[in-house]
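Shown next, in structure tokens, is the structure this report addresses.
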Amino acid sequence: MKDNPKFIVRFPDDQMRERLKERAQRNYRSMNAELVKILERALASSEAVEGDGLPNNTPSTAN
Numbered sequence: 001m002k003d004n005p006k007f008i009v010r011f012p013d014d015q016m017r018e019r020l021k022e023r024a025q026r027n028y029r030s031m032n033a034e035l036v037k038i039l040e041r042a043l044a045s046s047e048a049v050e051g052d053g054l055p056n057n058t059p060s061t062a063n
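Here it is as structure tokens:
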């Protein structure tokens, strides 16, 4: 088995985690696979990167 890089996600609240879980179930994916699919789509779209509505100096919620 390939040793894929790992990244820990801290959800801001339980509601977001639950929404991801429900979406993954609807799409017959694991939560990880669903999150990867969401990220792939967002990163593939230059509009998502340039037009996210956040100023470039917005601090990340991650520490």
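For the record, in the sequence shown the residue sitting at position 12 is 12 according to full-length UniProt numbering, with numbers rising by one throughout. In this text, a Cβ means the ideal position worked out from N, Cα and C, and glycines have one as well.
Legend entry - Contained alpha helix (DSSP H) runs [length at least 4] in the UniProt domain "Arc-like DNA binding" (1 to 49), N- to C-terminal order: 14 to 26 and 31 to 44
Inset, instruction - Give me the Cβ distance between Lys37 and Arg29, rounded to the nearest whole Å; I'm assuming they're in contact under 8 Å. - result: 7 Å
Inset, instruction - Have a look at Pro12 and Ser45 and give me their C-alpha separation to the nearest angstrom. - result: 24 Å
Inset, instruction - Leaving out five residues on either side along the sequence, give the residues of the same chain with a beta carbon under 8 Å from the beta carbon of Glu34. - result: Leu20, Arg23, Ala24 and Asn27
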